[in-house]
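Under my numbering, the residue at position 182 of the sequence shown is numbered 619, and the numbers go up by one with no gaps. Where is the CB? At the ideal position from N, CA and C, for every residue including glycine. All remarks here apply to the structure that follows.
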Amino acid sequence: MAFVCRSFSLPLPPSQTTQKPRLSRAPVVSAFSKEERRLAPARGTPSALESRVSLVLALVSQATTATQRRLEELAEETAKYAFPRRYEARNFEEALMSVPNLETVKYRVLKQTEQYEIREVKPYYVAETTMPSRNGFDFNGASQSFNVLASYLFGKNTGNEQMEMTTPVYTQKVESSGKKMDMTTPVITKRSSDQEKWQMSFVMPSKYGSNLPLPKDQSVTIKEVPKKIVAVTTFSGFVTDEDVIRRESKLREALKTDLEFQLKAGALVEVAQFNPPFTLPFTRRNEIALEVERITK
């Protein structure tokens, strides 16, 4: 018996005929996955060089901001001296005087004459220290006292706080009992009548009130100066002890003819200086003050 063998070919669907073998894509997919895995960590984690560059850029940005802020502060402080404040002038000498545009003691003018001005001074706080020399305006003694007070003002205190400079600096006589004269924005120096002691004072920024940080230097004391009435005369130039004695005597003599105010018992001279050392003599403003009271009728 003979068998006839025929071969049959089954047609495939069109989708299967055009589809490539699955094995032909496997190497491509596998190779692409390896590349992705190789690049992924590099993109997710910065290199050591990139980290250093980022750190440097951050530090530069921070330093630039701090420098800009410091320059702005410096410009603001410079402007206070470049564009000074002027008082009402009563004569040519006063017209040339100018003072830094800093905070100063507040007062109200009660009376003006050709020789002096009567002021009602509002309360304020001061930091003061006793000067080491017998003279109120001895250069070495004054410099030493100024540096002690400036150190307190600029951070040598319990709060390590830098406070703003004010005007004027007061130099004032002190009584032998230890009683101290009141002080305002200038530096004040005062002297005791028998011990020849003087004190220098810085007026404190008013925003602190009584909440001032305590000084670390025991030679510096903080006190409140109560409201008072003073007779004031102004002059320019550098201050000397001889000049203070002469002007104090002249002011005392002028007050003897005042019908509204008289010297307060035990009044001691107070000298206010408003300008930094580099100021030209004829543009400096200084004041001599004596405490007075109204004459009761």
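- Query: Taking the alpha-carbon positions, what's the Gly578 to Ser488 distance?
  - Reply: Answer to the nearest angstrom: the Cα atoms are 56 Å apart.
- Query: Thinking C-beta only, is Phe576 closer than 8 Å to Thr677?
  - Reply: No, these two residues do not count as a Cβ contact at 8 Å.
- Under the rule that 16 or more other beta-carbon atoms within 10 Å means buried, what is Arg721, buried or exposed? Burial call: buried.
- Going by Cα to Cα distance, which pick from Gly674, Gln499, Ser588 and Ser580 is closest to Lys653? Taking only the C-alpha atoms, the option nearest Lys653 is Ser588.
- Alpha carbon to alpha carbon, how far is Leu727 from Ala564? Straight-line measurement puts the Cα of Ala564 at about 20 Å from the Cα of Leu727.
- Item | Cα-Cα separation between Val546 and Pro714, rounded to whole angstroms | A direct Cα-to-Cα measurement between Val546 and Pro714 gives close to 28 Å.
- Alpha carbon to alpha carbon, how far is Gln636 from Pro560? Straight across, the Cα-Cα distance linking Gln636 with Pro560 is about 19 Å.
- Among Val662, Gly596 and Gln609, the one whose alpha carbon lies nearest that of Pro650: Gly596 is the residue among Val662, Gly596 and Gln609 whose C-alpha sits nearest the C-alpha of Pro650.
- Query: When the distance is taken between beta carbons, is Val708 closer than 8 Å to Ile725?
  - Reply: Yes. Within cutoff.
- With Glu707 as the anchor, note down where its beta strand (DSSP E) starts and where it stops. Going by DSSP, Glu707 is part of the beta strand (DSSP E) stretching over Glu707 to Gln710.
- Item | Minimum C-alpha distance to Phe711 - residue among Ser535, Ser484, Val558 and Val490 | Nearest C-alpha to Phe711: Ser535.
- Grab the span of the beta strand (DSSP E) containing Leu727 for me, first residue to last. For Leu727, the enclosing beta strand (DSSP E) begins and ends at Asn723 to Arg731.
- Which residues bound the alpha helix (DSSP H) around Leu395? The structure shown does not extend to residue 395, since the chain spans only 438 to 734, so no value can be given for it.
- DSSP three-state call for Asp631: helix, strand or coil? Caution applies to Asp631, whose pLDDT of 46 falls short of 50 and renders its modelled position unreliable; the value that the coordinates give is listed next. The answer is coil: DSSP assigns Asp631 none of H, G, I, E or B.
- Message: Distance check for Ala500 and Leu486, CA to CA, integer angstroms please.
- Response: So the alpha carbons of these two residues sit roughly 21 Å apart.
- Message: Which residues does DSSP list as the beta-bridge partners of Arg689?
- Response: Paired residues: none, contrary to the question.
- Between which two residues does the beta strand (DSSP E) carrying Tyr607 extend? That run of the beta strand (DSSP E) goes Val606 to Lys610.
- Task: Name the one or two DSSP bridge partners that Lys665 has.
- Result: According to DSSP, Lys665 bridges with Val558.
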